[in-house]
Amino acid sequence: MTSRACFETTCRAILVLAALVLAGPAAAQTNQSAKSRGPIANTPDQTIKGSAMAVEGDLLTINGTAVRLMGIDAPDPGQKCKNRYGHELDCFKVATAVLANMVKGEEVTCTITEQDRTGEKKGECRVRGVDLGAAMVARGWAFQYASLSPAYQKSEAYAQSKRLGLWAGQVEKPWQWRSRQIRQTAK
């Protein structure tokens, strides 16, 4: 290979690498969502539109169909946390109320990308183009579920740095709380 050919090959590699770096989280999110799809991965994404009700801080029903917000985890029923003054509050109820407020009177569009073995649908839901999962994490009322998707890493860093929502006080991450509940029940 001539030195000019080596130079051109190196330049192409650098350009490809630069393009990937500049694409950043968007490229990673696209790749991650393609990898994380479940049993309906080989079919076109299903879209559900309509009015929604918040059942939990990360679970909606749209026209009677339950949809879990993909990539986030909000406090579970019975989970308590403390606010910035040390007062205990029902963080499950607060997170659910925040999500309910976001969807109240709005048309919600959910793109279902996964259905788990129990039949629960998971996807990205939007109101007026705003990703509800990102909004819940950025406001501090849900956590990114990093093992499922890195999509909300920046939203969580923002909420944590501003001490918003659950980050203002003390809270146990929902998956840790569930594990602790299981251990305590097993004793």
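For the sequence shown, the working numbering begins at 107 and goes up steadily by one.
Using N, Cα and C, we set each Cβ at its ideal position, and we do this for glycine too.
Might you give, ordered along the chain, the residues of its own chain that have their beta carbon closer than 6 Å to the beta carbon of residue i, omitting 5 neighbours on each side?
{"i": "residue 214", "result": "158, 168, 231, 233"}
{"i": "residue 227", "result": "173, 218, 221"}
{"i": "residue 249", "result": "179, 279"}
{"i": "residue 176", "result": "228, 229, 230"}
{"i": "residue 156", "result": "168, 169"}
Run through DSSP, which three-state label would residue i get?
{"i": "residue 278", "result": "coil"}
{"i": "residue 252", "result": "coil"}
{"i": "residue 174", "result": "strand"}
{"i": "residue 210", "result": "coil"}
{"i": "residue 165", "result": "strand"}
{"i": "residue 185", "result": "coil"}
{"i": "residue 284", "result": "helix"}
{"i": "residue 232", "result": "strand"}
{"i": "residue 293", "result": "coil"}
{"i": "residue 271", "result": "helix"}
{"i": "residue 202", "result": "helix"}
{"i": "residue 263", "result": "helix"}
Measure the alpha-carbon distance for residue i versus residue j and round it to whole angstroms.
{"i": "residue 236", "j": "residue 242", "result": "11 Å"}
{"i": "residue 194", "j": "residue 202", "result": "17 Å"}
{"i": "residue 205", "j": "residue 275", "result": "20 Å"}
{"i": "residue 151", "j": "residue 229", "result": "9 Å"}
{"i": "residue 286", "j": "residue 245", "result": "25 Å"}
{"i": "residue 200", "j": "residue 282", "result": "19 Å"}
{"i": "residue 185", "j": "residue 160", "result": "17 Å"}
With a CB to CB cut of under 8 Å and the five nearest residues on each side skipped, what residues in its chain are close to residue i?
{"i": "residue 187", "result": "181, 194, 195, 197, 272, 275, 276, 277, 278"}
{"i": "residue 183", "result": "162, 198"}
For residue i, collect the residues of the same chain with a Cβ closer than 7 Å to its Cβ; drop the 5 residues on either side in sequence, then sort them by chain order.
{"i": "residue 127", "result": "Reliability of the predicted coordinates at residue 127 is poor, the pLDDT of 31 falling under 50, and the value obtained from them is presented with this limitation in mind. There are no such residues."}
{"i": "residue 240", "result": "258, 261"}
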